[in-house]
Amino acid sequence: MEKIDMTYFEPFDIEHVRNKHQFPDEYQYLIERLGKANTKRRQMLQYHCQHHEKIVGRRTATAAEEFSGTGFEEDDYYTEAPSGMNVSTVIEGDFDFVNVQPINLDSRSEGGFSMTSYTSSTAEPGNLKVPAPPPGFEAGPFQCPYCFRIFVTENRASWKKHVFQDLRPYVCTFKECSQASHLFKGRHEWFNHEREMHR
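The following block contains the structure:
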């Protein structure tokens with residue numbers, strides 16, 4: 018993933034966090050960490066996209082270079098599925114199948130059910146929205162457009178949770194952390210890290 022250079026975005030991501038949150042001076046390290054985490058998320062999403070394109074054999078920007086002087090034309094090797102085709106032929110065991118239950122242990126606390134609230138980056142309430150799953154998602158497995166894994170969901174809540182897990186929304190908030198750049202998938206994973214490593 019290091020080959021995907023997103024450093025161009027890093028100063029903008031850091032400045033976005035700085036403008037959005039008014040942290041005291043002693044927490045400026047956290048502004049930088051949160052901004053860099055956003056840049057790393059961009060890198061992860063780009064990696065998933067490029068990896069998917071490589072796996073399914075779509076054209077890449079370097080395809081012409083690969084075939085120069087070989088006697089093959091670019092179109093002799095790369096083929097694309099018709100635009101209406103959603104699922105490719107898959108040999109059993111070649112993909113990760115993700116089955117998310119509407120309620121699982123990560124969505125519970127010891128005291129019962131827990132809830133996560135999300136806030137918008139604009140002044141208007143309700144602007145932070147997870148894009149809707151593909152039409153007909155209730156009918157069966159579909160490919161997540163962010164991680165490109167085959168995904169089954171029974172409702173929009175489990176879809177929303179899956180998307181946030183793809184984004185890995187949590188980072189350690191302690192200044193001297195050896196895993197400061199690690200992105201955690203869920204609240205419990207993040208909390209356990211902070212509890213076991215720092216408290």
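In my numbering, the protein residues as written are 18 to 216.
Backbone N, C-alpha and C fix where the C-beta goes; we use that ideal spot for every residue, glycine too.
Span of the beta strand (DSSP E) around residue i
i	result
phenylalanine 168	167-169
DSSP-derived helix/strand/coil call for residue i
i	result
phenylalanine 191	coil
phenylalanine 201	strand
glutamine 160	strand
phenylalanine 208	helix
isoleucine 120	Unreliable positioning characterises isoleucine 120 in this predicted model, as indicated by a pLDDT of 44, which lies under 50. The coordinate reading is nonetheless provided below. Note: isoleucine 120 maps to coil in three-state DSSP.
lysine 178	helix
arginine 173	helix
aspartate 22	coil
glutamate 213	helix
Range covered by the alpha helix (DSSP H) that runs through residue i
i	result
phenylalanine 154	No alpha helix (DSSP H) holds phenylalanine 154; DSSP gives it neither H nor E.
phenylalanine 29	27-37
asparagine 55	45-73
Cα-Cα separation between residue i and residue j, rounded to whole angstroms
i	j	result
leucine 47	alanine 156	43 Å
histidine 68	valine 34	29 Å
valine 188	arginine 204	10 Å
glutamate 70	arginine 166	13 Å
valine 180	phenylalanine 154	14 Å
cysteine 161	glutamate 206	22 Å
arginine 16	glutamate 211	There is no way to answer for residue 16, as the model of the chain reaches only from 18 to 216.
aspartate 22	cysteine 194	24 Å
arginine 216	proline 28	31 Å
proline 186	arginine 173	19 Å
valine 117	phenylalanine 191	Residue confidence for valine 117 is low, a pLDDT of 48 falling below 50, so the modelled location carries little weight; the figure read from the coordinates is stated next. Rounded to the nearest angstrom, the two C-alpha atoms are 31 Å apart.
leucine 51	glycine 74	35 Å
isoleucine 72	asparagine 209	35 Å
glutamine 45	glutamine 196	17 Å
serine 198	leucine 62	16 Å
C-beta contact flag for residue i and residue j at 7 Å
i	j	result
glutamate 43	isoleucine 31	no
alanine 54	leucine 200	yes
proline 152	valine 169	no
cysteine 164	histidine 65	yes
tryptophan 176	proline 150	yes
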